[in-house]
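Have a look at the structure below, then the notes.
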């Protein structure tokens, strides 16, 4: 089972970030965190790396539902979406599959929530 959904785009990096943000918003997600991996690796260990950002996306309704069903599920939140430069001037966007990441947690309520979030994140990727 794949643990993520992905799509390649023919957009520049900043335009891809903007498009992903718009599609996440349409599905009720906000971006809580944004990690610039390229900048962090350069600053911390002086390594050059491709453009790569991790967006910590959160849908408050589903986050509340998950946290109410499983108090330690915060270790797996927020839902990460990555945007990275790849070959041929393309950008790849990938989102975590919450169903795959929740397989180890035996909680039926959480499983149902993961399926609903999975549907939303799949739509985000498909609509890019």
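Numbering (the working numbering), first residue to last: 1 to 128.
For each residue, glycine too, the CB sits at the ideal point set by N, CA and C.
Quantities reported herein were computed from a predicted structural model and do not represent experimental measurements.
(request) To the nearest angstrom, report how far apart residue 84 and residue 30 are at their CA atoms. (result) Sequence index remark: in the chain shown, residue 84 carries index 84 (1-based). Sequence index remark: in the chain shown, residue 30 carries index 30 (1-based). Each residue's alpha carbon lies about 19 angstroms from the other.
(request) Would you check if the distance between the CB atom of residue 27 and the CB atom of residue 128 is smaller than 9 angstroms? (result) As a first step, residue 27 is located in the chain shown; it is residue number 27 there, counting from the start. As a first step, residue 128 is located in the chain shown; it is residue number 128 there, counting from the start. Taking 9 angstroms as the Cβ cut-off, residue 27 and residue 128 do not qualify as a contacting pair.
(request) Identify whether residue 114 lies in helix, strand or coil by the three-state DSSP scheme. (result) Numbered from 1 along the chain shown, position 114 holds the residue referred to as residue 114. Residue 114 falls in the helix class under three-state DSSP.
(request) Using the DSSP secondary-structure output, state which residues sit across from residue 9 in a beta bridge. (result) Position 9 of the chain shown, counting from 1, holds the residue named residue 9. For residue 9, the pairing in a beta bridge is given by DSSP as 91.
(request) From the DSSP output, read off the bridge partner residues of residue 33. (result) The residue you call residue 33 lines up with position 33 of the chain shown. BP columns for residue 33 point to 56.
(message) Output needed for residue 52: all residues of its chain with C-beta closer than 6 angstroms, excluding positions within five of it in sequence on either side, in chain order.
(response) Taking the first residue of the chain shown as position 1, residue 52 is located at position 52. Around residue 52: 37, 38, 84.
(request) Excluding the 5 residues preceding and the 5 following residue 117 in the sequence, name in chain order all residues of the same chain whose CB lies nearer than 6 angstroms to its CB. (result) Working through the chain shown from its first residue, we reach residue 117 at position 117. If we look at residue 117 and ignore the five residues flanking it on each side, its Cβ neighbours are 62, 98.
(message) Could you compute how far the alpha carbon of residue 75 sits from the alpha carbon of residue 109?
(response) Translated into the one-based positions of the chain shown, residue 75 becomes position 75. Translated into the one-based positions of the chain shown, residue 109 becomes position 109. Roughly 17 angstroms between the two C-alpha positions.
(request) Just tell me which of 4, 82, 44 has its CA closest to the CA of residue 33. (result) The count along the chain shown starts at 1 and reaches residue 33 at position 33. Comparing Cα positions, the closest option is 82.
(message) Report the CB separation of residue 24 from residue 93 in whole angstroms; it is logged as a contact under 8 angstroms.
(response) Translated into positions along the chain shown, residue 24 becomes position 24. Translated into positions along the chain shown, residue 93 becomes position 93. The Cβ separation is near 10 angstroms, so there is no contact.
(request) Have a look at residue 95 and residue 42 and give me their C-alpha separation to the nearest angstrom. (result) On the chain shown, position 95 is the one that residue 95 refers to. On the chain shown, position 42 is the one that residue 42 refers to. Cα to Cα, the separation comes out at about 24 angstroms.
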